[in-house]
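K.L.:
Those letters in the sequence shown? Residues 28 to 132, by the working numbering. The beta carbon of each residue, even a glycine, is placed where N, CA and C say it ideally should be. The structure follows.
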Amino acid sequence: MKTSLLLSALLAFCLAPTAQASEALASKSGCMACHTKDKKLVGPAFRDVSAKYKDQKDAEAKLIDKVRKGGSGNWGPIPMSPNGPEKISDGDLKTVVEWILKGAA
Ligand code: HEC
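Here it is in structure tokens:
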């Protein structure tokens with residue numbers, strides 16, 4: 028009991044900075060101008076995106092491609108503008124999409 032408490036505290040401690048880093052990356056890359064974690068803004072809330080795609084195996088690749096090229100139709104008529112490599116690198120984009128799919132906590 029004590030050990031598991033300690034372990035989960037330790038785990039929370041290790042995970043938290045990573046999640047914060049992903050969120051910071053999303054803000055730095057301009058994503059948070061149109062998205063928030065839990066409310067629809069111009070684009071869907073990242074928690075809603077996670078709920079929609081969490082059971083799809085190819086979701087990560089699909090979403091990375093969509094964020095790069097932009098487009099509309101999955102959430103409504105408003106398009107997402109393309110986000111090229113000058114806005115967000117491949118590595119950063121993968122980190123941010125993984126964070127979104129995990130629920131953007
Ligand atoms: C100009 C506003 C805008 C910016 C900037 C923006 N988005 Fe979006 N995003 C949208 C809109 C609008 C949609 C809904 C598109 C649709 O209906 O298919 C969307 C959809 C998404 C989706 C779901 C795609 C789908 O097909 O279901 C993800 C994931 C996403 N955005 C991530 C990002 C990330 C990561 C960034 C930063 C690199 C970003 N967005 C920047 C407006 C934006």
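From the DSSP output, in three-state form, read off Gly130 for me.
P.N.:
coil
K.L.:
Is Ala60 near ligand 1, in the sense that its beta carbon is under 6 Å from a heavy atom of that ligand?
P.N.:
yes
K.L.:
Would you kindly work out how many angstroms separate the C-alpha atoms of His62 and Asp85, rounded to a whole number?
P.N.:
Using only the alpha carbons, I get a separation of about 22 Å.
K.L.:
Could you spell out the range, first to last residue, of the alpha helix (DSSP H) harbouring Leu90?
P.N.:
Ala86 to Lys96
K.L.:
Should the region 119-128 be regarded as contacting the region 51-61, the criterion being three or more beta carbon pairs within less than 8 Å?
P.N.:
yes
K.L.:
Would you kindly report the start and end of the unbroken alpha helix (DSSP H) that includes Asp75?
P.N.:
Phe73 to Tyr80
K.L.:
Using a threshold of 6 Å, is the CB atom of Ser56 nearer than that to any non-hydrogen atom of ligand 1?
P.N.:
yes
K.L.:
Under the assumption that Trp102 contacts Gly70 (Cβ atoms under 8 Å), give the Cβ distance between them as a whole number of angstroms.
P.N.:
7 Å
K.L.:
Can you tell me the Cβ-Cβ gap for Val76 and Ile115, rounded? I've got them flagged as a contact below 8 Å.
P.N.:
Contact flag wrong, Cβ pair sits at about 16 Å.
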